[in-house]
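Below is one structure; the comments refer to it alone.
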Amino acid sequence: MSVQQENRFQAIISHAKEYGFVFPSSEIYDGLSAVYDYGPNGSELKKNIRDYWWKSMTQMHENIVGIDAAIFMHPTIWKASGHVDNFSDPMIDNKDSKKRYRVDHLIEAHAEKLAMEGKKEEEYALLKTMDELLAKEDYAGLKQLIEDNKITCSVSETSNWTDIRQFNLMFSTQIGAVAGEAETIYLRPETAQGIFVNFLNVQKTARLKIPFGIAQVGKAFRNEIVARQFIFRMREFEQMEMQFFIRPGTQKEWYEFWKEERLKWHLSLGIPKEKYQYHPHTKLAHYADAALDIEYEFPIGFKEVEGIHSRTDFDLSSHQKYSGKKLTYFDNEINQHYVPYVIETSIGLDRMFLLILSHSYDEEIITKEDGSKDSRVVMHIPEKLAPIKLAVLPLVKKDGLPEIARSIIAGCKPYFKCFYEEKDAIGKRYRRQDAIGTPFCVTVDHQTKEDNTVTLRYRDSMEQERIHIDAIKDKLLLRLLF
RNA sequence: GCGGAAGUAGCUCAUCCGGUAGAGCAUCAGUUUCCCAAACUGAAGGCGGCGGGUUCAAGUCCCGUCUUCCGCUCCA
Numbered sequence: 410m411s412v413q414q415e416n417r418f419q420a421i422i423s424h425a426k427e428y429g430f431v432f433p434s435s436e437i438y439d440g441l442s443a444v445y446d447y448g449p450n451g452s453e454l455k456k457n458i459r460d461y462w463w464k465s466m467t468q469m470h471e472n473i474v475g476i477d478a479a480i481f482m483h484p485t486i487w488k489a490s491g492h493v494d495n496f497s498d499p500m501i502d503n504k505d506s507k508k509r510y511r512v513d514h515l516i517e518a519h520a521e522k523l524a525m526e527g528k529k530e531e532e533y534a535l536l537k538t539m540d541e542l543l544a545k546e547d548y549a550g551l552k553q554l555i556e557d558n559k560i561t562c563s564v565s566e567t568s569n570w571t572d573i574r575q576f577n578l579m580f581s582t583q584i585g586a587v588a589g590e591a592e593t594i595y596l597r598p599e600t601a602q603g604i605f606v607n608f609l610n611v612q613k614t615a616r617l618k619i620p621f622g623i624a625q626v627g628k629a630f631r632n633e634i635v636a637r638q639f640i641f642r643m644r645e646f647e648q649m650e651m652q653f654f655i656r657p658g659t660q661k662e663w664y665e666f667w668k669e670e671r672l673k674w675h676l677s678l679g680i681p682k683e684k685y686q687y688h689p690h691t692k693l694a695h696y697a698d699a700a701l702d703i704e705y706e707f708p709i710g711f712k713e714v715e716g717i718h719s720r721t722d723f724d725l726s727s728h729q730k731y732s733g734k735k736l737t738y739f740d741n742e743i744n745q746h747y748v749p750y751v752i753e754t755s756i757g758l759d760r761m762f763l764l765i766l767s768h769s770y771d772e773e774i775i776t777k778e779d780g781s782k783d784s785r786v787v788m789h790i791p792e793k794l795a796p797i798k799l800a801v802l803p804l805v806k807k808d809g810l811p812e813i814a815r816s817i818i819a820g821c822k823p824y825f826k827c828f829y830e831e832k833d834a835i836g837k838r839y840r841r842q843d844a845i846g847t848p849f850c851v852t853v854d855h856q857t858k859e860d861n862t863v864t865l866r867y868r869d870s871m872e873q874e875r876i877h878i879d880a881i882k883d884k885l886l887l888r889l890l891f
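In the numbering used here, the protein residues as written are 410 to 891.
Listed below in structure tokens is the structure:
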């Protein structure tokens, strides 16, 4: 990351705090690592992003419906999804190189080396022992196995290892009021499973025919090893997911469809195409037969903001197996029962929020009428998403101008978020609205009293036009329309 | 978790060789002001991250601890 980019990222973080977008969690207690709170402007912006996504999914697609599943779910769900087995990895550190390894990766790498040397029996024996020890969660035994095989770190080439420690992706808690009788359950690490386990409930009650989608927005929790980079990687975060259920064999075309469709959604906000790129996965997760990330060029480089995954029938089949309940769909067109395939679109709401901040934040140098230079900090937030849509400002706080301004607010606030301010000079008030991304300001002056017209000032161009008071609401609504 | 850097007002930062903490911007109240951070008056805001040590005296030196940032390790 260049110094310039780093400074820009720092400036965005400071700005986010100063103007009530994002605060560090528990700040008066020194903060809580990788957890953040959204302030007044932040919660509005976040809600607007969420609404825009929700509408684009459930309102603009006739065959997509929404649900709101609980964060708590039956613990067996995480066995079926693979999270219990795949994401609770024992880790070990080399004391000399300070490198950290997943124990299974370390041993598997050694086994591969044995195979290359033609020692097939030793390879099998090693892997078999490892699997047994992993199943028993015998960490002392695993460490012994590493030492007995003289497995070394590829960097330091020593076998000076720490003890093995467990890394758990999922947060656990207890359900049930009586200690002892309580059962361990997990805070969901993804929202998708709430959709899968409700697949038949939703399909039947909403009378949906394949292909159809189920959308959901909600919190998820992951115990990341390294959680950092502001709100980009948090331990508690919000996902906007849509699982699209399709006939087996059609996954390739639907994967392509959603890949295009989702990028269009991003571009519909007016964010430049060249800031985006697709990043196909070469190493696929245990449930996918194709996957890619939609990456955005943040100030910290190109990073994933959204994932498109072809999840096959892995999840539904797995839940069918673990629950013993049939999760098939009868397809009238081909007269067949089958377990549907799934294409997932999954976007991080917090990452999208950071994307909007990164896209919007701008320190402009402007030339004033007298030729002198001036600067302004302006957030070019897409108009639809701005926390406040309209600021109404009496030019002076007397002569009845505030009263007119108040009446404009009264007429507009049922339709979009408005803000009234009479303090300070008009230029200062404009700049304050620029700093939080308010796209429109209306100023009431003495002429207003004569002909009921006001000045409408645009955030991005700083241009002004004179319009009639009665035209304000409709003019803005037209621009703010979905 | 390891290595490096840093924690002083809401933000950005000063405070020289240890001597009871300051600026700009922002905020609040008021005066003035007819369109782009105007001016003036006043106010509020700090246990110098926290704990300990050295010293007559610590924001400043030492130790610990917490937090943040950068790099590495992991990442569905």
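We treat Cβ as the ideally placed atom computed from N, Cα and C, and that holds for glycine. In this text the structure is predicted, and so the values were computed from the model without any measurement.
DSSP lists D702 as the bridge partner or partners of H688. K613 is bridged by DSSP to nothing; it lacks a bridge partner. Taking each of G820, N861 and E665 in turn and checking the Cα distance to L810, the smallest one comes out for N861. The three-state secondary structure of I756, taken from DSSP, is strand.
Straight across, the Cα-Cα distance linking L617 with V748 is about 15 Å. The Cβ atoms of R671 and I623 do not sit closer than 8 Å to each other. A distance below 7 Å between beta-carbons, with the five flanking residues on each side excluded, links I818 to the following residues of its chain, in chain order: V801, C827 and Y829. Q625 places its beta carbon less than 8 Å from that of I476. The segment 700-720 makes contact with the segment 744-758, as at least three CB pairs between them are under 8 Å.
Residue nearest to G757 within the set R888, L536, F641 and P484 is F641 (criterion: CA-CA distance). Q856 and K712 have their alpha carbons spaced roughly 51 Å apart. When C-beta atoms of the segment 786-799 are compared with those of the segment 840-854, three or more pairs fall below 8 Å, so the two segments count as touching. Going by DSSP, A800 is part of the beta strand (DSSP E) stretching over L799 to P803.
At the C-beta level, M579 and H492 come within 8 Å of one another. By alpha-carbon distance to Q842, the top candidate from W463, N450 and T571 is N450. A Cβ-Cβ separation of about 4 Å places F825 in contact with K798 under the 8 Å criterion. Non-local C-beta neighbours of R631 in its own chain, meaning closer than 7 Å and more than five positions away in sequence, comprise L578, P598 and R644, ordered along the chain. By DSSP's assignment, S784 forms a beta bridge with I774. Taken through DSSP and simplified to helix, strand or coil, H746 comes out as strand. The three-state reading of DSSP puts V606 in coil, since its state is none of H, G, I, E or B. Nearest neighbour of E872 by Cα position, chosen from D883, T852 and L766, turns out to be T852.
Shown here, N558 sits in coil according to DSSP, grouped into three states, outside any helix or strand. In terms of CA proximity to A699, W667 leads the group W667, K734 and I422.
Residue environment analysis places G585 among the exposed positions, since fewer than 16 neighbouring C-beta atoms fall within 10 angstroms of its C-beta. Here K488 is exposed: its Cβ has fewer than 16 other Cβ atoms, across all protein chains shown, within 10 Å. Cα atoms of R785 and R868: separation of roughly 11 Å, rounded to the nearest angstrom. In the three-state reduction of the DSSP assignment, F418 falls in the helix class. In this structure, K426 keeps its C-beta atom at 8 Å or more from the C-beta atom of F418.
The beta-carbon separation of K529 and F762, rounded to 52 Å, does not stay under the 8 Å limit for a contact.
A443 is classed as buried because its beta carbon has at least 16 other beta carbons within 10 Å across all chains shown. Excluding five sequence positions before and after K684, the CB atoms of its chain that fall closer than 8 Å to its own CB belong to Y705, E706 and H768, given in chain order. Put simply, the backbone Cα of G733 is about 44 Å away from that of S435. The continuous beta strand (DSSP E) containing D446 extends over residues Y445 to Y447. Annotation for E650: the continuous beta strand (DSSP E) segment containing it runs E645 to I655.
Excluding sequence positions up to five before and after R838, its CB lies within less than 8 Å of the CB of A800, L802, E830, K832 and C850, all in the same chain and listed in chain order. Separation of Y438 and M469 (C-alpha to C-alpha, rounded to the nearest whole angstrom) is 44 Å.
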